[in-house]
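This report refers to the structure that appears directly beneath it.
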Amino acid sequence: VEEHSLDRDCTTLSRHILQQLHSFNAEAQDLSAIMNRIALAAKIISRRLSRAGLMEGALGFTGNINVQGESVKKMDIYANDVFISVFKQSGLVCRLASEEMEKPYYIPENCPIGRYTLIYDPIDGSSNIDINLNIGSIFSIRKQEGDDIDGDARDLLQNGHKQIAAGYILYGPSTMLVYSIGTGVHSFTLDPSLGEFILSNENIKVPTHGPIYSVNEGNFWQWEDSIRDYIRYVHRHEGYTARYSGALVGDFHRILHQGGVFIYPGTVKKPEGKLRLLYESAPLAFLMEQAGGRASNGNMELMDVVPDALHARTPLIIGSKEDVALVESFIQDRAREV
Ligand code: P6P
Numbered sequence: 009v010e011e012h013s014l015d016r017d018c019t020t021l022s023r024h025i026l027q028q029l030h031s032f033n034a035e036a037q038d039l040s041a042i043m044n045r046i047a048l049a050a051k052i053i054s055r056r057l058s059r060a061g062l063m064e065g066a067l068g069f070t071g072n073i074n075v076q077g078e079s080v081k082k083m084d085i086y087a088n089d090v091f092i093s094v095f096k097q098s099g100l101v102c103r104l105a106s107e108e109m110e111k112p113y114y115i116p117e118n119c120p121i122g123r124y125t126l127i128y129d130p131i132d133g134s135s136n137i138d139i140n141l142n143i144g145s146i147f148s149i150r151k152q153e154g155d156d157i158d159g160d161a162r163d164l165l166q167n168g169h170k171q172i173a174a175g176y177i178l179y180g181p182s183t184m185l186v187y188s189i190g191t192g193v194h195s196f197t198l199d200p201s202l203g204e205f206i207l208s209n210e211n212i213k214v215p216t217h218g219p220i221y222s223v224n225e226g227n228f229w230q231w232e233d234s235i236r237d238y239i240r241y242v243h244r245h246e247g248y249t250a251r252y253s254g255a256l257v258g259d260f261h262r263i264l265h266q267g268g269v270f271i272y273p274g275t276v277k278k279p280e281g282k283l284r285l286l287y288e289s290a291p292l293a294f295l296m297e298q299a300g301g302r303a304s305n306g307n308m309e310l311m312d313v314v315p316d317a318l319h320a321r322t323p324l325i326i327g328s329k330e331d332v333a334l335v336e337s338f339i340q341d342r343a344r345e346v
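Heads up, the sequence shown is in full-length UniProt numbering, so the first residue is 9 and it goes up one at a time.
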């Protein structure tokens, strides 16, 4: 075995985080431990997904409707509970907020104020589960501010700059974990034979422009004219290609590596869009900015948007700097006409 591959096999997630923070101070240790628990959750979910098709009853719908009015898949609930379980007794995370829970889940044991909150989408893209296509988990880590005595986590209603870490797990042909603690974006691939996430790419940088536009053109006639203008532009000009999987994490991962733009605009019926701010758009915006790209809601930087509720939605334009700016230029042109 060549020397470097041994080193590579030893660049595990926890070692990488400590290296990133160049120090072994309390926060570094905490983040390293938190990321280790997230990695454990990823392994448990990945294992279940790889066998779900073989396990009677693991797939399909629970028959329930969640707080969002969406039908809940068994895998959504399973994954949600995995994240809760891995953080119980950890003494690290005191509060978990997710798409699957109207109110946050509190872990009361030894949780002083100022400890961490995990905000997450346990399974994003669940429509892809039963057809064995890629899905993901998205997470964001913030510190709890104040005592949140009435349990509605109002201190979480702050902009994306309050995130101290963010990332996602992509359950694809291989399971990848991509994270940032504010010192660049780094990706790890799960080596099932080791049970470890091994460093794949360090300091990922998104190209300043890319050929891909990722959007559900089925909503074309529900969009504002400005978005339709952008779509007509990329249809007419050489060098663009459409890629859309219906699962945010995979579509984002492609843009992060190949450049271009992912757009989920507001529609006439839902001007606020479909994607959630706190546990879908803000964590991905954190990563995209760390990778040298941009994220916007069409009017302002996504990272500056302040949610008015835990499950607030937002329009999202995210990707290469030049491509996000191009979409915004069509929005500004139309705004001038009004
Ligand atoms: P549409 C999946 O349900 C999801 O939340 C994201 O993962 C994905 O990007 C989006 O919705 C797809 O929505 O309306 O294009 O089916």
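All residues carry an ideal CB built from backbone N, CA and C; glycine is no exception.
Measuring from the CB of Ala255, is there a heavy atom of ligand 1 at a distance below 8 angstroms? Along the sequence shown, one-based indexing puts residue 255 at 247. Yes; taking the cut-off as 8 angstroms, the Cβ of Ala255 has a heavy atom of ligand 1 nearer than that.
So who's on the other strand from Thr20, going by DSSP bridges? In the sequence shown, counting from the first residue as 1, residue 20 sits at position 12. Thr20 pairs with Ile206.
In three-state DSSP terms, what is Pro291? Here residue 291 corresponds to residue number 283 of the sequence shown, with the count starting at 1. Of the three classes helix, strand and coil, the one that applies to Pro291 here is helix, per DSSP.
For a quick check, are the C-beta atoms of Ile271 and Leu324 less than 9 angstroms apart? If you number the sequence shown from 1, residue 271 lands on position 263. If you number the sequence shown from 1, residue 324 lands on position 316. Cβ atoms of Ile271 and Leu324: closer than 9 angstroms.
Please determine, among Ile189, Asn74, Gln266, the residue with the shortest C-alpha to C-alpha distance to Lys329. The residue labelled residue 329 in the question sits at position 321 within the sequence shown. The shortest C-alpha separation from Lys329 is found at Gln266.
So for His169, helix, strand or coil by DSSP? For the purposes of this step, residue 169 is taken as the residue at position 161 of the sequence shown. Looking at His169 - three-state DSSP - the assignment turns out to be helix.
What would DSSP say about Val276, mapped onto helix, strand or coil? As a working mapping, residue 276 is identified with position 268 in the sequence shown. Looking at Val276 - three-state DSSP - the assignment turns out to be coil, as it is neither helix nor strand.
Can Val314 and Gln171 be called in contact, C-beta distance under 9 angstroms? Within the sequence shown, the letter at position 306 stands for residue 314. Within the sequence shown, the letter at position 163 stands for residue 171. Result no, Cβ atoms of Val314 and Gln171 do not sit closer than 9 angstroms.
I'd like the span of the alpha helix (DSSP H) that includes Ile137, first residue to last. In the sequence shown, counting from the first residue as 1, residue 137 sits at position 129. Segment: none, Ile137 is in no alpha helix (DSSP H) and carries neither H nor E.
Do you know how far the Cα of Ala41 is from the Cα of Lys111? The count along the sequence shown starts at 1 and reaches residue 111 at position 103. The count along the sequence shown starts at 1 and reaches residue 41 at position 33. Each residue's Cα considered, the two are about 25 angstroms apart.
Name the DSSP beta bridge partners of Phe147, please? The residue labelled residue 147 in the question sits at position 139 within the sequence shown. Answer is Tyr128, Gly175, bridged to Phe147.
Please state the DSSP three-state secondary structure of Val80. Here residue 80 refers to the residue found at position 72 when the sequence shown is read from its first residue. It is a strand residue.
Endpoints, the alpha helix (DSSP H) within which Asn44 is located: Translated into the one-based positions of the sequence shown, residue 44 becomes position 36. From DSSP, the alpha helix (DSSP H) with Asn44 extends over 34 to 60.
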